[in-house]
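Inspection log for the structure reproduced underneath, given as structure tokens.
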Amino acid sequence: MITSKFQDKTLSLLGFGTMRLPLAKDGSIDEAQVAEMTDYALKQGVNYFDTAYPYHDGKSEVVMGKVLNQYPRDSWYLATKYPGHQISSSYDPAAIFEEQLKKCGVDYFDFYLLHNVYENSMDVYLDPKWGILDYFKEQKRLGRIKHLGFSSHGRAETLKAFLDICGDDMEFCQIQLNYLDWTLQDAKAKYELLTERNIPVWVMEPLRGGKLAALEGDAAVKLQAAAQAAGAPGRTDAEWSFRFLQSLPNVKMVLSGMSNLTQMQQNIATFEARAPLSDAERSALLDVAEGLKKGVPCTACRYCTAGCPMELDIPLLLSVYNDVLYAPSLINVIGLEALPDEKRPAACIGCGKCAKICPQSIDIPGALKNFAEILSKMPTWAEISRQREEAAKRNAAAAK
288 MITSKFQDKT LSLLGFGTMR LPLAKDGSID EAQVAEMTDY ALKQGVNYFD
338 TAYPYHDGKS EVVMGKVLNQ YPRDSWYLAT KYPGHQISSS YDPAAIFEEQ
388 LKKCGVDYFD FYLLHNVYEN SMDVYLDPKW GILDYFKEQK RLGRIKHLGF
438 SSHGRAETLK AFLDICGDDM EFCQIQLNYL DWTLQDAKAK YELLTERNIP
488 VWVMEPLRGG KLAALEGDAA VKLQAAAQAA GAPGRTDAEW SFRFLQSLPN
538 VKMVLSGMSN LTQMQQNIAT FEARAPLSDA ERSALLDVAE GLKKGVPCTA
588 CRYCTAGCPM ELDIPLLLSV YNDVLYAPSL INVIGLEALP DEKRPAACIG
638 CGKCAKICPQ SIDIPGALKN FAEILSKMPT WAEISRQREE AAKRNAAAAK
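Note that the numbering used here has the sequence shown beginning at 288, numbered continuously upward.
Laid out in structure tokens, this is it:
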């Protein structure tokens with residue numbers, strides 16, 4: 288198992304993400320499978336396990352605590368997160384932290400994260416009224432948190448704003464990073480920012496929810512050809528993705544949400560020895576990434592914004608639109624909820640001024656209209672947050 292050094296700890300470069308655990312027929316977590324996977328992972332050198340308060344409606348923490356506590360406490364590292372990004376009514380970090388310790392059956396967390404610091408949640412995390420950051424800094428001082436960090440699906444400028452305020456207190460940062468999002472979600476800028484600030488990078492969604500592990504069409508043909516050229520015709524799509532991340536020196540942890548033992552075995556095999564991409568392989572992979580982008584060819588020149596009567600940030604909206612066209616997901620549009628209604632895609636009045644001056648000849652009004660229709664059929668993050676909060680309350684009541 289490839290390892291990475293993080294302060295005084297030696298971490299397996301591959302971590303077990305527990306957002307997509309195997310399920311039994313009744314929809315509950317299949318604890319027997321999780322136990323088998325965890326045992327295999329530990330025996331193969333995986334020592335980092337990542338969960339969070341909302342995963343599996345709050346049951347992931349319980350199951351992982353139960354399974355991991357069958358092994359010596361010094362043989363594994365457990366990470367979980369405070370859900371300040373989703374709570375809709377009140378914020379009580381002490382109550383949730385104590386609940387998490389109890390659910391996981393531990394006296395301390397090795398790694399603890401502020402969950403998803405993004406455009407809508409940053410103010411919550413920094414608001415002195417709630418005292419969230421101060422509370423967790425105190426828990427770290429008391430030894431109940433060994434390392435404090437944060438995750439983010441926010442834009443690069445949001446990441447920078449947060450780090451400007453409390454970067455000295457953050458020991459690591461978890462971002463969505465893969466060869467597609469390197470440019471599609473500007474992960475390159477986020478990685479470089481964190482590297483400049485000497486903050487180690489934790490990776491989530493290395494396979495884009497599994498999509499990069501099962502390429503189709505031209506993308507699959509191109510990658511197979513690249514594998515042949517590299518003298519590795521049997522290389523899997525997932526292996527390409529993981530080797531891209533192994534090429535980035537500031538990546539200290541790659542989390543993969545594995546749902547069965549076969550996935551785990553395949554992923555662990557890719558992490559047996561470090562094999563970063565050659566320049567030719569990297570170029571071929573990024574060429575495949577460009578081909579995966581289904582959306583409009585916006586270059587963010589911003590000519591369109593000057594004459595927009597609604598003053599929309601059109602390049603931003605088109606960037607998120609492209610992301611959604613590739614992989615419709617609530618997490619990909621979460622940042623738009625920080626925008627007022629009059630700055631969202633549906634606010635476009637279809638005047639066409641933007642399209643007339645677009646160097647790429649993009650039908651911008653048409654794209655924004657289509658994007659607005661897509662968004663109208665998706666649940667909002669606020670709705671999901673309320674549902675998760677209600678589920679957490681039910682679980683807490685049932686546990687009493």
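All C-beta atoms in this analysis are idealised placements derived from N, C-alpha and C, irrespective of residue type, glycine included.
Quantities reported herein were computed from a predicted structural model and do not represent experimental measurements.
The segment 450 to 460 makes no contact with the segment 320 to 337, as fewer than three CB pairs between them are under 8 Å. Within the segment 545 to 607, the complete alpha helix (DSSP H) segments at least 4 residues long are 548 to 557, 566 to 579 and 590 to 593, listed from N- to C-terminus. Under the 8 Å Cβ criterion, the segment 408 to 422 does not count as touching the segment 465 to 475, having fewer than three qualifying pairs.
A residue is called buried once 16 or more other Cβ atoms fall within 10 Å of its Cβ, and residue 301 is buried on that count.
Close CB contacts of residue 449 within its chain, under the 6 Å cut and outside five residues either way in sequence, are with 404 and 409 (chain order). The criterion of a C-beta distance shorter than 9 Å is not satisfied by residue 624 and residue 593. Our two residues, residue 334 and residue 315, have alpha carbons roughly 25 Å apart in a direct line. Annotation: residue 472 to residue 442 spans about 8 Å, alpha carbon to alpha carbon.
Taking C-beta atoms as the reference points, residue 555 and residue 364 fail to come closer than 9 Å. Around the beta carbon of residue 596, fewer than 16 other beta carbons lie within 10 angstroms, which makes this residue exposed.
Around the beta carbon of residue 581, a 10 Å sphere encloses fewer than 16 other beta carbons of the protein chains shown; the residue is thus reported as exposed. For the set 612, 379, 361 and 514, the Cα lying nearest the Cα of residue 422 is the one of 379. Per DSSP, the continuous beta strand (DSSP E) segment holding residue 432 begins and ends at 432 to 439.
If only complete runs of 4 or more residues are kept, the segment 352 to 436 shows the alpha helix (DSSP H) at 380 to 391, 409 to 413 and 419 to 428, in order along the chain. Contact between residue 635 and residue 652 holds: their C-beta atoms lie close to 6 Å from each other, under 8 Å. Residue 608 counts as buried, since no fewer than 16 other beta carbons sit within 10 angstroms of its beta carbon. DSSP lists 303 and 365 as the bridge partner or partners of residue 336.
For residue 531, the enclosing alpha helix (DSSP H) starts and ends at 524 to 533. Per DSSP, the unbroken beta strand (DSSP E) holding residue 491 starts and ends at 488 to 491. By the C-beta criterion, the segment 494 to 508 is judged not to be in contact with the segment 473 to 482, since fewer than 3 inter-stretch pairs fall below 8 Å. Secondary structure of residue 293 (DSSP, three-state): strand. Residue 316 is bridged by DSSP to 310. Its chain contains 551 as the residues whose beta carbon lies nearer than 6 Å to that of residue 545, once the 5 sequence neighbours on both sides are disregarded; these appear in chain order.
Between the C-alpha atoms of residue 567 and residue 507 there is a straight-line separation of about 17 Å. By the neighbour-count definition (other C-beta atoms within 10 Å, threshold 16), residue 361 is an exposed residue. The three-state secondary structure of residue 539, taken from DSSP, is strand. Leaving aside the five residues that flank residue 654 on each side, the residues in its chain whose CB is nearer than 7 Å to its CB run, in chain order, 583, 605 and 608.
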